[in-house]
Amino acid sequence: MNKIVIANWKMQLGVDESINLAKEINQWAEKEESLDNKIAICPSFLVIHDLSKFLGDKVALGAQDVFYEKEGAFTGEVSPKDLTEIACKYVILGHSERRAMGETYDIINKKVSAVMEMGMTPIICVGEQLEDRDAGNTDKVLQDQVMQALKDLPNQEFIIAYEPVWAISTSGSGQTITPEIAAEEVDKIKSSIPDNLDNYKIIYGGSVNGGTVADFTKYFEGALVGGASLKLDKFIELIKNA
Ligand code: PGA
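In our numbering, the protein residues as written are 16 to 257.
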C-alpha cells in the first residue's frame, strides 16, 4: 500500500524492447484503478525521450544517472536540465555499478545537488560489499555513503535505496539478504541523514521479486528492482504485491 516500485533497466533491454515493455506497463497501470503503489521506470538514456511521450500519470519516468553541470563542453554527458524538459521525475545516483566504475563521493554529492536544484528526486543507492559485512563494517560504510551524498543540501525530497552490493542479482555472489537483516540498517541509515533533511523515503533493492517484495516492504517504503522488472508479468506481480 502506497509503496514506490522503481524499475532499473540498466543496459539490459534494446531500444524496441524498452519502448514496447514501457507501453505494456503503462497500459496495464492505466487500467488498474485500485493501484495504490507508485511506479517509476528508469530506462537507458537512448529511449528516455521516447518513453516521455507516452507515459501517463500512473508511471513516472526516471534516469539511471545524470551529469552535475547543466550545459557546456562535456562530451558524452547528459544534462539534468534536459531531463526536466522531458518531465523526468527521478534520477538513480551512486548505484554500486557506477561506484565500481569510479564514481566518487564528491561526484555523487554534486549530482544529488544538481538533481535537487532542477526539482527532480534523486534515488541515492547505498550498500556494503560482502567483505564489509563480514568484517563488521556495514554500518560505517553506509554512514559514510549517506553522509557524503547528502552534504550541504536543501531540504528537498530524496530517496535512499539500500542495496547490499552482494545481494544484487547480477553481483555473482548467489546470495540474498533476509528482510529482517536488511531492516536492521533502516535506523542506521536514518541516523546518518543530516537533521535538516526530513523529506525522504528509504527503499530496498537487491534480488527483489514478486514473491519476496512484501517481506521487504514491511520495513521499507518501496523497492528498486533490476531483474524482476524486465518481464511484464513478473513486474506486474511485483507491483501488485509490494
Ligand atoms: P536486481 O537489481 O533486482 O536485479 O538485484 C537491483 C539493482 O541493481 O538496482
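Using N, Cα and C, we set each Cβ at its ideal position, and we do this for glycine too. Just so it is clear, the structure is predicted and the values come from calculations on it, not from any experiment.
By the neighbour-count criterion, in which a residue is buried when 16 or more other Cβ atoms sit within 10 angstroms of its Cβ, residue 182 is buried. A check of alpha carbon separations from residue 86 across 79, 78, 97 and 202 identifies 97 as the nearest. For residue 30, the enclosing alpha helix (DSSP H) stretches over residues 30 to 46. With fewer than 16 other Cβ atoms from the protein chains shown falling within 10 Å of its own Cβ, residue 205 counts as exposed.
Boundaries of the beta strand (DSSP E) around residue 216: 215 to 220. In this model, residue 178 and residue 69 are separated by some 30 Å (Cα to Cα). Looking only at 212, 207 and 92, the smallest Cα-Cα distance to residue 153 is reached by 207. Three or more Cβ pairs closer than 8 Å define a contact, and the stretch 58 to 68 falls short of that threshold against the stretch 141 to 153. Here residue 106 carries a strand assignment [DSSP, helix/strand/coil]. Residue 59 has its Cβ no nearer than 7 Å to any heavy atom of ligand 1. When beta bridges are read from the DSSP output, residue 177 appears opposite 141 and 219.
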